[in-house]
Structure formats: structure tokens, C-alpha cells
Amino acid sequence: MRSVKKHYLAILSVELDDLKEDIEHLITELEQSKKQHRCTEHVFLHNLTLFRNELLGVNAFHKILDEIDPADYATLEEMIHEIKTRFKLRVEMYGLAQVINILIERKLNKVARYVGLGQIAAEHE
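Under numbering that gives the first Met the number 0, the first residue of the sequence shown is numbered 0, with each subsequent residue one higher.
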């Protein structure tokens, strides 16, 4: 089980890197739109602020993952619950945009399905 938890964290880290790249790509596209006068200054600044806030959330989540020791948890489900709890507290503490919760939740669930947690959870019902 420890191996599954360790792999879960490794895959989740890769998924977060992918999310970070996606957000950075959106910032680049936004900057291009601004240069080509396809958006107003107001829209540009609003969206740029949101994207940067999301990047802060991804970075905060990475820090949480760095603090997690898979050996401290009896099950993968317990570890995931702890990760979610810590992240929600950081979102509130840092005043991060709530949309980051949705993005991170999707990544958590995607990796859980990948490592077979969806199947395990269904077997316990």
C-alpha cells in the first residue's frame, strides 16, 4: 500500500506541473490578446490576476505534497483526505480564488482513478 501512496503522490506532482504549464500558457495567450487589442485593459488585468492567483494555489498545493509522508497514513483514502483538508485550509488562509479547489479536486480524482482507487472505493460499497 505504501508503494501505491508513493506513486499517487508522484503522479499527482506530474499532473500539477501540467496544470501549471496550462495556466502559464493561458497567461501567454492573454498577453497576446492584449498586444493585439482583442481585450480591454480591464479584462486583461482581471484575468491576469485570476491566473496568477491560480498559480499561487498550484504552488501552495505542491508545498503540501512535499510535506506529506505516505508512511504516516494507513490508507490511500486517508492520505487523500488529509491532502484535501490541508489544501482547503491554505486556500482560505491565503485568500486564493475558489476555482483552484475545483482544479485541484479534478487532479486528485483523476490520479485516484488512475491508481485504481475508484475501483477500490466501489468494492467497499
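Beta carbons are placed, not taken as given, at the ideal position from N, Cα and C, and that holds for glycine.
CB residue i to CB residue j, shorter than 7 Å?
i: A50; j: F86; result: The question names Ala, yet the displayed sequence has Phe at residue 50. No, they are not a contact pair.
i: L64; j: S12; result: yes
i: L116; j: L75; result: yes
i: V57; j: L107; result: no
Where does residue i land, buried or exposed, given buried means 16+ other C-beta within 10 angstroms?
i: I103; result: buried
i: L88; result: exposed
i: I101; result: exposed
i: M78; result: buried
i: K62; result: exposed
i: K34; result: exposed
Which ranges does the alpha helix (DSSP H) cover as unbroken runs of at least 4 residues, wholly within the segment 55 to 121, from first to last along the chain? 75 to 93 and 98 to 113
Quick test of the definition: if touching needs 3 or more C-beta pairs under 8 Å, does the segment 1 to 9 touch the segment 68 to 86? yes
Between the segment 36 to 53 and the segment 88 to 102, do three or more beta carbon pairs fall short of 8 Å? yes
I want to know whether the segment 30 to 45 touches the segment 103 to 114 - three or more CB-CB distances under 8 Å. no
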